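Have a look at the structure below before the remarks.
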Amino acid sequence: KKRVFLETFDKVAEAFEIFFNRLTGGQGWLRLENPNDPFSGGVEMVLRFPGKSARSVRAASGGEKSVAAVALLLALQGLTPADFYIFDEIDAHMDLQYSRRLAELFKEMAEKTQIIVISLKDIMAEKADQLIGVYNRGGESRIVKLKLEEVIKAG
Amino acid sequence: KKRVFLETFDKVAEAFEIFFNRLTGGQGWLRLENPNDPFSGGVEMVLRFPGKSARSVRAASGGEKSVAAVALLLALQGLTPADFYIFDEIDAHMDLQYSRRLAELFKEMAEKTQIIVISLKDIMAEKADQLIGVYNRGGESRIVKLKLEEVIKAG
Amino acid sequence: VFIKRLTIQGFKSFGPRKISIALEKGLMVITGPNGGGKSNVMDAIRFALGELSAHNLRVGRMAELIHDNPGTNYARVSITLDNSERVLPINSPEVTVARRIDRNGESTYFLNGRQVSRNELLTVLSMANIKPSGFNIVPQGSVIEIAEMGGSELRKMIEDIS
Amino acid sequence: VFIKRLTIQGFKSFGPRKISIALEKGLMVITGPNGGGKSNVMDAIRFALGELSAHNLRVGRMAELIHDNPGTNYARVSITLDNSERVLPINSPEVTVARRIDRNGESTYFLNGRQVSRNELLTVLSMANIKPSGFNIVPQGSVIEIAEMGGSELRKMIEDIS
Ligand SMILES: Nc1ncnc2c1ncn2[C@@H]1O[C@H](COP(=O)(O)OP(=O)(O)OP(=O)(O)O)[C@@H](O)[C@H]1O
Ligand SMILES: Nc1ncnc2c1ncn2[C@@H]1O[C@H](COP(=O)(O)OP(=O)(O)OP(=O)(O)O)[C@@H](O)[C@H]1O
Ligand SMILES: [Mg+2]
Ligand SMILES: [Mg+2]
Numbered sequence: 526k527k528r529v530f531l532e533t534f535d536k537v538a539e540a541f542e543i544f545f546n547r548l549t550g551g552q553g554w555l556r557l558e559n560p561n562d563p564f565s566g567g568v569e570m571v572l573r574f575p576g577k578s579a580r581s582v583r584a585a586s587g588g589e590k591s592v593a594a595v596a597l598l599l600a601l602q603g604l605t606p607a608d609f610y611i612f613d614e615i616d617a618h619m620d621l622q623y624s625r626r627l628a629e630l631f632k633e634m635a636e637k638t639q640i641i642v643i644s645l646k647d648i649m650a651e652k653a654d655q656l657i658g659v660y661n662r663g664g665e666s667r668i669v670k671l672k673l674e675e676v677i678k679a680g
Numbered sequence: 526k527k528r529v530f531l532e533t534f535d536k537v538a539e540a541f542e543i544f545f546n547r548l549t550g551g552q553g554w555l556r557l558e559n560p561n562d563p564f565s566g567g568v569e570m571v572l573r574f575p576g577k578s579a580r581s582v583r584a585a586s587g588g589e590k591s592v593a594a595v596a597l598l599l600a601l602q603g604l605t606p607a608d609f610y611i612f613d614e615i616d617a618h619m620d621l622q623y624s625r626r627l628a629e630l631f632k633e634m635a636e637k638t639q640i641i642v643i644s645l646k647d648i649m650a651e652k653a654d655q656l657i658g659v660y661n662r663g664g665e666s667r668i669v670k671l672k673l674e675e676v677i678k679a680g
Numbered sequence: 002v003f004i005k006r007l008t009i010q011g012f013k014s015f016g017p018r019k020i021s022i023a024l025e026k027g028l029m030v031i032t033g034p035n036g037g038g039k040s041n042v043m044d045a046i047r048f049a050l051g052e053l054s055a056h057n058l059r060v061g062r063m064a065e066l067i068h069d070n071p072g073t074n075y076a077r078v079s080i081t082l083d084n085s086e087r088v089l090p091i092n093s094p095e096v097t098v099a100r101r102i103d104r105n106g107e108s109t110y111f112l113n114g115r116q117v118s119r120n121e122l123l124t125v126l127s128m129a130n131i132k133p134s135g136f137n138i139v140p141q142g143s144v145i146e147i148a149e150m151g152g153s154e155l156r157k158m159i160e161d162i163s
Numbered sequence: 002v003f004i005k006r007l008t009i010q011g012f013k014s015f016g017p018r019k020i021s022i023a024l025e026k027g028l029m030v031i032t033g034p035n036g037g038g039k040s041n042v043m044d045a046i047r048f049a050l051g052e053l054s055a056h057n058l059r060v061g062r063m064a065e066l067i068h069d070n071p072g073t074n075y076a077r078v079s080i081t082l083d084n085s086e087r088v089l090p091i092n093s094p095e096v097t098v099a100r101r102i103d104r105n106g107e108s109t110y111f112l113n114g115r116q117v118s119r120n121e122l123l124t125v126l127s128m129a130n131i132k133p134s135g136f137n138i139v140p141q142g143s144v145i146e147i148a149e150m151g152g153s154e155l156r157k158m159i160e161d162i163s
């Protein structure tokens, strides 16, 4: 059981480093509190954002925590790849820079797989292969295909 | 004690209706589960967004819950007015429409009092009397006065 | 096995008149105002894939999934999946899964138009590793929960998937 | 009684070199990238107003408020308040409150440059109803907490302020 956990942990930790660097340009690590007895301790997340010193995720800002959580989520997804992904407003706390990097990452992932993203960010809408709007009219939801110019004009 | 609670509750409920309507154009009410014995029940929040039927806040969307929470917060603030207010990213889940209405409300409130708002939304920055940017350079935070054109350009 | 078409009728904020959208592989972005119905689209997909937890579909009881207009008596969602690689054990290039729920809370399931048991539907979908909950489906607000996790919660999460 | 000037030195992400901004009445908007230091500005204001809870300032221990550069030995924040209406019991048109914390976690407080006890500072501020926590200070993420409150939590919140 310990071996299975450690194998999984190593895979997730490696993927987390890659995704965190991809999204932030910084370095992030997952560490076992007690490497010899993993189950007696927790998993620490240490983040070194560009230009800053390494710190626990607990000391990070709201948006920094959220981009680190997205990197962890993507790392966990890597364990059991799926044919489609649905993300609901995972960029809510991200600034323009992180939103752009996430949109570019999704664009790249979407070459191989179907990615459905719910987002209020223009930068995500700009990267879409397909863009739809869902709105309420007369108590009922409607769905329309959107062209990007319409989104920018409404925005 | 019951009388003091009911007096406070009535004030908050009335202010909530005003702020909710101001922010959404819809109707919102606070209701005591047990009006005769308030402490044996809770406080329900019922919301009727424009074009929709009245529903509990539990049934609302993420952004709808958040704008209702802001209306409640403003109603609670009304009980003990202050000379300055500091809001940290309360518009994180709001779409463009709600963000704009919130910014207009703050602009109006700021005629009488000092309002400091931390926000990533351009529409809030556009309404500012004073706009500053806080960013990290070489591991240290810096503060700059901003003109709106610079924010839009960077955005 | 990706989603080619999604058809929603009477489900949550969607009225009784059928709404259908075609999807392609690639990046699809769903936008729109707060309360428009974006997250309800995601709920519709999970519902059709067999979600049993009312909590995961953000309702108190499953019957509340039906559009709350008094004239609407059932909710129905169908998903057409690409099966060109025959990953699903059905001999057709497309496989349509559908689920209907009635006011009594009872669900009926369909595979390419034929009524099936929920178990049969789940077994077929599991061949393509498709289920209504999993790391590939990320609900609104879940990122904040992950961000706030303590060290032992993080370890438990990795334990659970190893 | 509004804030006319804020001076921050060695506090959290702010380095040892003093940073000072003038504020006016009206709407001030603070923007900038994630991790830039925006919420730290709010923490600085609460710190200077006497906040004692490390949790409310988002640190484990108060000494962690000091800029983590090894050369920095203290954090100091000063707020200049408008007192033109003499709401504060001090005979000056402006009142400056300051607080400094050293590596041993000890805080020193100042009123118009003169060292005072924390109690004296709080008493003066309370005349203008100013405190480091209250409904007028809304931290990041608190709106979501209010949105998720159940009926009895909502009642408790109103009970607490009545
Ligand atoms: N059974 C139902 N009948 C009618 N309307 C419903 C039903 N269930 C939910 N709704 C409505 O659907 C709306 C919420 O939709 P949804 O959560 O999809 O919004 P959203 O577009 O994701 O918004 P946000 O951007 O705020 O997250 C709410 O207004 C809710 O009241
Ligand atoms: N004592 C300290 N020394 C140096 N840096 C610190 C210290 N305490 C906190 N920080 C850093 O300050 C940064 C966070 O600042 P803050 O929370 O103000 O960001 P923010 O601008 O509000 O970001 P967001 O938009 O993501 O909420 C973090 O990177 C954190 O590591
Ligand atoms: Mg939503
Ligand atoms: Mg912040």
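Chains as they are written, first to last, in the numbering used here: chain E, 526 to 680; chain H, 526 to 680; chain V, 2 to 163; chain A, 2 to 163. For glycine and all other residues, C-beta sits at the position ideal for the given N, C-alpha and C. Small disclaimer: the values here were computed from a predicted structure and weren't measured.
By the beta-carbon neighbour count (other beta carbons within 10 angstroms, threshold 16), residue 97 of chain A is buried. In this structure, residue 631 of chain H sits near residue 652 of chain H, with a CB-CB distance shorter than 8 Å. DSSP, reduced to helix, strand and coil, places residue 31 of chain V within a strand of the structure shown. In the DSSP annotation of this structure, the continuous segment of the beta strand (DSSP E) that includes residue 670 of chain H starts and ends at 665-670. The continuous stretches of alpha helix (DSSP H) do not include residue 655 of chain H, which lies in the beta strand (DSSP E) extending over residues 655-662. The criterion of a C-beta distance shorter than 8 Å is satisfied by residue 571 of chain E and residue 556 of chain E.
Interface annotation, residue 54 of chain V: not in contact with chain H, CB-CB separation never under 8 Å.
With 16 or more other Cβ atoms from the protein chains shown falling within 10 Å of its own Cβ, residue 590 of chain H counts as buried. The criterion of a C-beta distance shorter than 8 Å is not satisfied by residue 586 of chain H and residue 113 of chain V.
Chain H has a Cβ within less than 8 Å of the Cβ of residue 151 of chain A. Taking C-beta atoms as the reference points, residue 641 of chain H and residue 610 of chain H count as a pair closer than 8 Å. Counting only residues of its own chain and dropping the five nearest sequence neighbours on each side, residue 624 of chain H has a CB closer than 7 Å to the CB of 616, 646, 648, 649. Judged by DSSP secondary structure, residue 531 of chain H falls outside any beta strand (DSSP E) and instead within the alpha helix (DSSP H) spanning 527-549. The beta carbon of residue 614 of chain E sits closer than 7 Å to at least one heavy atom of ligand 3. Of H:604, H:537, H:656, the smallest CA-CA separation from residue 670 of chain H is found for H:656. Interface flag for residue 636 of chain H against chain V is unset, since no Cβ pair is found closer than 8 Å.
Using a 10 angstroms sphere on the CB of residue 116 of chain A, the tally of other CB atoms stays under 16, which defines it as exposed.
The beta carbons of residue 59 of chain A and residue 75 of chain A sit no closer together than 8 Å. For the C-beta of residue 574 of chain E, the chain A residues within less than 8 Å are, from N- to C-terminus, 36. In the structure shown, residue 47 of chain V falls within a helical segment according to DSSP collapsed to helix, strand and coil.
In the DSSP assignment, residue 649 of chain E falls within the unbroken alpha helix (DSSP H) covering 647-651. Shortest gap from the CB of residue 116 of chain V to any heavy atom of ligand 4: 7 Å or more.
Excluding residues up to 5 positions away in sequence, 563 lie with their Cβ nearer than 7 Å to the Cβ of residue 530 of chain H in the same chain. For residue 141 of chain V, the C-beta contacts it makes with chain H under 7 Å involve 587, in order along the chain.
Note on residue 37 of chain V: 16 or more other CB atoms within 10 angstroms of its CB, so buried under the neighbour-count rule.
With a cutoff of 7 Å, residue 622 of chain H does not count as near ligand 3, since its C-beta is closer than that to no heavy atom of the ligand. For residue 69 of chain V, at least one C-beta of chain H is nearer than 8 Å to its own C-beta.
The Cβ of residue 613 of chain E sits no closer than 8 Å to any Cβ of chain A. Against chain E, the CB of residue 577 of chain H has a partner CB under 8 Å away; the residue lies at that interface.
For residue 591 of chain H, the CB stays at least 7 Å from every heavy atom of ligand 3. Contact residues of the region 606-633 of chain H toward chain V are 619, 620, 622, 623 (C-beta to C-beta distance below 7 Å).
For residue 644 of chain H, the number of other beta carbons within 10 angstroms of its own is at least 16, and it is reported as buried. Between the beta-carbon of residue 137 of chain A and that of residue 607 of chain H there is about 4 Å, and that keeps the pair under the 8 Å contact cut.
For residue 574 of chain E, the distance from the CB to the nearest heavy atom of ligand 2 is below 7 Å.
Residue side-chain check: residue 68 of chain V places its Cβ nearer than 7 Å to a non-hydrogen atom of ligand 1. Per DSSP, the continuous alpha helix (DSSP H) segment holding residue 159 of chain A begins and ends at 152-162.
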